[in-house]
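In our numbering, the protein residues as written are 1333 to 1421.
Think of the CB as a built atom: it goes at the ideal place given N, C-alpha and C, for glycine as much as any other residue.
Data block below; observations after.
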Amino acid sequence: MNEAPQKKYTDLSTVESQRNDLTAEEFPEGPYGSSLLTESLGKSTPWREDQRSYNQFTYENRELHAGLSRGYPDAHPTHDSSGDDYVEE
């Protein structure tokens, strides 16, 4: 019998999104009442290649809004063509 070729395993897109999309901290300076000079603030593990910070000013699910313009005149462009949020000026 011939063996089936091995396919590269990937998780569901929701699992990968949960793992790679980092949200902003609610209290970036630490818990209420803590000293300001704590060394544990920020990301505690090194950045992985696929990780990125979440931008709260873009659509949550870009696939649902692909090709649609924003419904307000003179609205900020959606940056769909480049696939990221960087704007060249």
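State the CB to CB distance for the pair residue i and residue j, rounded to an integer number of angstroms; the pair is presumed to be in contact (CB under 8 Å).
i: L1354; j: Y1386; result: 6 Å
By how many angstroms is the C-alpha of residue j removed from the C-alpha of residue i?
i: Y1404; j: H1397; result: 15 Å
i: E1357; j: P1337; result: 43 Å
i: W1379; j: G1399; result: 31 Å
i: R1351; j: A1407; result: 31 Å
i: S1349; j: S1401; result: 24 Å
i: Y1364; j: K1339; result: 48 Å
i: R1394; j: Q1383; result: 17 Å
i: E1381; j: T1342; result: 15 Å
i: S1376; j: V1347; result: 21 Å
Just list the residues that DSSP pairs residue i with in beta bridges.
i: S1385; result: L1354
Where does residue i sit, in a helix, a strand or coil, going by DSSP?
i: S1401; result: coil
i: T1346; result: helix
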